[in-house]
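Protein chains in written order, with full-length UniProt numbering: chain A, 1 to 220; chain B, 1 to 384. The beta carbon of each residue, even a glycine, is placed where N, CA and C say it ideally should be. None of these values were measured; they are calculated from a predicted model. Presented below is the structure to which this report refers.
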Amino acid sequence: MQANAPSLDGPGPTQGSKRSQTVSLVLLVGVGAAALVLARRDPSQREEDTLVYADLAACRAQGLRSPEDCEAADREVRALYPTVAPRYPDSAACERHHGSGGCTAAVAPAPAGAFVPLLAGFMIGRSADQHLPVQPLFRHAPDEAREAAGVSGVSGGYCTSGGGRVWTARGSTLARVSSAVARGGPAPARVVATGGFGATGHGVAVHASSGHAGSGHAGG
Amino acid sequence: MRRLALGERPDWRAQAAAAGFTFHSLDGAPYWDETHAYAFTLDEIERGLEAPSAELHALCLAFVDRAVGDAAILASLGIPGHAFEAVRASWRRRDPSLYGRLDFAWGGEGPAKLLEYNADTPTALYETGVFQWLWLEDSLARGRLPAGTDQFNAVHDRLVARFREIGGPVAFTCMEAAPEDRGTVAYLQDCAHQAGLATRFVPLEAVALDSAGAFTDALGAPLGTLFKLYPWEWAFRDAFGDRLAGTPTRFLEPPWKAVLSTKGLLPHLWAMAPGHPNLLPAYFEDDPRKGALGASFVRKPILSREGANVLMVRDGAVLARRDGPYGAEGHVRQALCALPVFAGQHVLAGSWLVGDVPAGLCLRESPDPITGNAARFVPHVIAP
């Protein structure tokens with residue numbers, strides 16, 4: 001909706017007017033458009049297209065990357081795995097992150113008694129031009145927050161050794177991941193606490209003697 | 001200031017629906033009331049409201065600068081100690097503010113008297129900036145107002161320009177249950193969108209904290225700048241209240257606005273500028289100098305909203321009082337200054353600041369001398 005000041009056909013505001021020249025609304029009018037925009041992800045975060053394979057055979061079979069690239073990736077991942085796999089003090093701690101049956105006792109150079117996730121596959125760039133490093137992937141336990149948020153049509157997902165999350169569409173090898181995860185940068189920060197805002201406001205709303213139809217109202 | 005009995009446009013509800021004004025009525029009673037309007041002269045607006053608003057806002061910024069260096073002042077404002085560092089750091093960085101509303105007792109004649117500063121989470125913004133503006137344009141187009149009639153209302157233009165200055169992306173949050181709050185946040189998101197910023201809405205309860213100290217959405221994506229229509233005094237007391245110091249997340253309004261969005265501001269302003277024509281004498285309730293106010297005063301909780309827990313006393317008799325859940329942080333006592341009354345209605349003048357610039361006026365009318373959340377929004381004009 002755009003309501004222009006009627007400067008051509010009426011007594012519109014003159015120079016030095018005390019009011020807005022135009023008032024336009026883009027999101028507020030048309031609920032469908034608003035919902036679409038609200039759901040869109042922050043475009044400032046760069047993303048990369050990657051390929052996720054369980055093993056060398058899957059990489060070769062699909063043929064999106066050359067056989068030489070697949071073989072090199074497989075070799076590199078096997079070499080990386082013992083050193084970069086995240087370590088946990090016991091099996092239970094490991095399974096909390098990687099799911100039931102997803103862990104094994106670590107081998108050297110990890111200290112004896114440690115547990116690591118099983119190697120679930122590897123991730124390489126969609127094309128060689130992206131210059132993405134090959135990364136071992138581990139299964140990630142089902143993510144309650146993600147399920148609660150209504151994200152559907154994806155597998156339980158993987159994680160990288162840095163803790164980055166990787167999801168593929170069901171039955172697909174393609175994954176779109178943040179550039180930070182794809183480039184194996186520092187481990188992305190993980191959510192450590194949720195639901196820490198709102199309790200005071202809800203408490204006040206409950207105790208308020210007058211309110212907007214019984215609902216909490218934080219504006220003034 | 002004159003009351004104009006214009007009569008309402010018969011189709012205003014349809015117009016409101018078309019403009020996304022979803023909360024124009026409350027429990028069946030109109031919140032938007034265009035059966036009449038108020039008219040001011042340009043001189044009244046510019047000298048009576050606009051100039052004092054700029055001056056008082058500047059005085060408030062000077063007070064923030066003083067308050068952040070003095071823990072006793074911060075404590076007197078009802079700010080808990082664990083929040084001092086977040087307040088101080090945001091001021092040291094000069095984190096930008098978006099908007100605020102100074103509420104005045106003002107009838108056009110004589111100096112406007114500041115009642116309080118809604119510096120943190122003011123609402124009535126959409127009604128002011130959009131629907132009041134549309135009402136004026138439509139009324140001019142229909143010949144219901146004389147040509148050349150204007151309005152003190154650059155709110156929309158200024159908000160879009162201010163978002164452009166602040167930059168993005170900006171995420172928006174509030175408690176979802178209140179339609180008025182959700183409507184205000186949706187409007188501000190619209191303004192940011194028009195300023196070319198990437199925007200999104202995140203319910204307040206879904207805001208999370210990551211291991212780097214950043215506030216995030218439910219999936220862990222950090223929120224660089226978060227607009228929250230949720231008062232700092234509540235956020236400070238929430239579980240995340242002690243996680244604000246050092247967070248890379250920036251907030252609108254910034255934490256330093258908590259210094260201003262409290263009735264504790266009023267005695268400090270009076271102490272800084274005693275006798276200022278736009279200030280009322282005010283003291284903390286535990287200050288013996290409050291006796292100077294005599295038997296006519298208004299007692300306000302340091303932290304309260306919508307006129308709750310306000311006590312109005314004239315000549316020793318209770319003139320009005322409003323119950324509520326506030327007052328634990330103490331009270332201030334302010335000289336009694338009655339709102340102007342037209343046709344039995346008390347009219348409160350809200351003067352909008354966007355950034356540091358006075359940007360417009362909203363009037364709210366109430367049968368009670370204390371303006372609460374049942375007040376009605378009434379449009380205004382500047383007479384040609």
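- Counting only Cβ-Cβ distances below 9 Å, residue 334 of chain B has no contacts in chain A at all, with the closest Cβ about 17 Å away.
- Closer than 9 Å at the C-beta level to chain B, one finds these residues of the region 190-204 of chain A: 190, 191, 192, 193, 194, 195, 196, 197, 198, 199, 200, 201, 202, 203 and 204.
- For the region 145-200 of chain B, the continuous beta strand (DSSP E) assignments of 3+ residues that do not extend past its boundaries occur at 170-173, in sequence order.
- Comparing alpha carbon positions, the residue from A/114, A/66 and A/70 closest to residue 89 of chain A is A/114.
- Burial is judged here by how many other beta carbons sit within 10 angstroms of a residue's own beta carbon; residue 318 of chain B has fewer than 16 and is exposed.
- Residue pairing by DSSP puts residue 32 of chain B in a beta bridge opposite B/377.
- Any Cβ of chain B closer than 8 Å to the Cβ of residue 128 of chain A would place that residue at the interface, and such an atom is absent.
- If only uninterrupted alpha helix (DSSP H) runs of at least 4 residues are considered, those enclosed by the region 247-328 of chain B are 265-272.
- At a Cβ-Cβ threshold of 8 Å, residue 230 of chain B and residue 218 of chain A count as neighbours.
- Residue pairing of residue 365 of chain B in beta bridges, as defined by DSSP: B/347 and B/376.
- For the set A/101, A/194 and A/169, the Cα lying nearest the Cα of residue 213 of chain B is the one of A/194.
- In this structure, DSSP gives residue 43 of chain B a helical state, which the three-state scheme calls helix.
- At a cut-off of 8 Å between beta carbons, residue 15 of chain B makes no contact with chain A.
- Measuring C-alpha to C-alpha distances from residue 29 of chain B to each of B/13, B/75, B/41 and B/18 identifies B/13 as the nearest.
- With respect to chain A, the C-beta atom of residue 328 of chain B has no partner C-beta closer than 8 Å.
- DSSP assignment within the region 57-119 of chain B yields the following whole alpha helix (DSSP H) runs of 4 residues or more, N-terminal first: 71-76 and 84-92.
- From the beta-carbon of residue 17 of chain A, the residues of chain B found nearer than 7 Å are 150.
- CA-to-CA, the gap between residue 190 of chain B and residue 252 of chain B works out to about 15 Å.
- Inter-residue distance for residue 203 of chain A and residue 233 of chain B is about 13 Å (C-alpha atoms, whole angstroms).
- Residue 104 of chain A: member of the beta strand (DSSP E) spanning 103-105, first to last residue.
- Residues 23 and 123 of the same chain have their beta carbon placed closer than 7 Å to that of residue 180 of chain B, with the five preceding and five following residues left out of the count.
- Under the three-state reduction of DSSP output, residue 130 of chain B falls in the helix class.
- At a beta-carbon threshold of 9 Å, none of the residues of chain B lie near residue 116 of chain A; the nearest stands roughly 21 Å away.
- Sequence-distant partners of residue 53 of chain B (beyond 5 residues in either direction) whose C-beta falls short of 7 Å from its own C-beta, in its chain, are 102, 351, 353 and 358.
- Closest by C-alpha distance to residue 1 of chain B, out of B/38, B/140, B/27 and B/61, is B/38.
- For residue 97 of chain A, the uninterrupted alpha helix (DSSP H) run begins and ends at 91-98, by DSSP.
- Going by beta carbons, residue 149 of chain B and residue 302 of chain B fall outside the 8 Å limit.
- Listed in chain order, the non-local C-beta contacts of residue 36 of chain B below 7 Å within the same chain comprise 3, 4, 5, 6 and 378, local neighbours out to five positions each way being set aside.
- With a threshold of 16 other beta carbon atoms within 10 Å, residue 225 of chain B meets it and is buried.
- Taken through DSSP and simplified to helix, strand or coil, residue 126 of chain A comes out as coil.
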